[in-house]
Amino acid sequence: MHPLSRTMAALGALAVLCACGGGGGGSIFNPNPIAATPCNPGTSVTISQPQSGSYSVPTTIGSIEIVLAGNTNPVWSNPSGWTLALQAGYNGAILPVNGNLNPTSDPNGPHPYSSDFYLNESIPQLQSGMQYSVYLGQTYGGCTPVQIGQFNT
5 MHPLSRTMAA LGALAVLCAC GGGGGGSIFN PNPIAATPCN PGTSVTISQP QSGSYSVPTT
65 IGSIEIVLAG NTNPVWSNPS GWTLALQAGY NGAILPVNGN LNPTSDPNGP HPYSSDFYLN
125 ESIPQLQSGM QYSVYLGQTY GGCTPVQIGQ FNT
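Going left to right, the sequence shown walks through residues 5 to 157 as our numbering numbers them.
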């Protein structure tokens, strides 16, 4: 295969993986995925409810909670500018949740960092027996969402 053909095929595959979201509410997917850089939350972040790596998570959990290391970062200072996305299975599309991250209190939650700050976002009902990867991205695009954890239903 010609080198240019390989490059074009790779770019096409990347475009499929970073498929643009549609709809009126904006999307975390950049309309030009080739030029996108990974989203940088400016701090360490992971999912806390359910905890990353959890099994047998109920399909009706209703929300995902994330925990940030500190409150001097772009996510905490502008939570409406960030949102979560879910990928069902290993090859499924990464779909925006289209909700809003909201600051929350969780004194009994996991404390992976020396200074923990929590946000949550509502999610739709999940499928049973599925692995879900959770991504954090900007509400109106501009960067490629980054994986912050996974869990199994």
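Even for Gly, the Cβ is constructed at its ideal location relative to N, Cα and C.
Residue range 49-53 is occupied by the beta strand (DSSP E) that includes serine 52.
Rounded to whole angstroms, the gap between the alpha carbons of proline 83 and leucine 130 is 24 Å. Residue range 78-81 is occupied by the alpha helix (DSSP H) that includes serine 81. Under DSSP, serine 137 takes part in a beta bridge, and its partners are Gln91 and Gln154. With a cutoff of 8 Å on beta-carbon distance, glutamine 151 and serine 137 are scored as near each other.
In the structure shown, serine 84 adopts helical secondary structure according to DSSP, grouped into three states. With respect to the 8 Å criterion, valine 71 and alanine 89 are not classified as neighbours on the basis of their beta carbons. By the Cβ neighbour-count rule, serine 52 is buried, with 16 or more other Cβ atoms within 10 Å of its own. Leucine 140 is positioned such that its CB atom lies no closer than 8 Å to that of tryptophan 80. For leucine 123, the secondary structure class from DSSP, reduced to helix, strand or coil, is strand.
Per the DSSP secondary-structure output, asparagine 106 pairs in a beta bridge with Asn124. Setting aside the 5 residues that flank it on each side, serine 56 is surrounded in the same chain by Thr50, Gly153, Gln154 and Phe155, each with a C-beta closer than 7 Å to its C-beta; the list follows chain order. Around the C-beta of threonine 64, fewer than 16 other C-beta atoms lie within 10 Å, and the residue is accordingly described as exposed.
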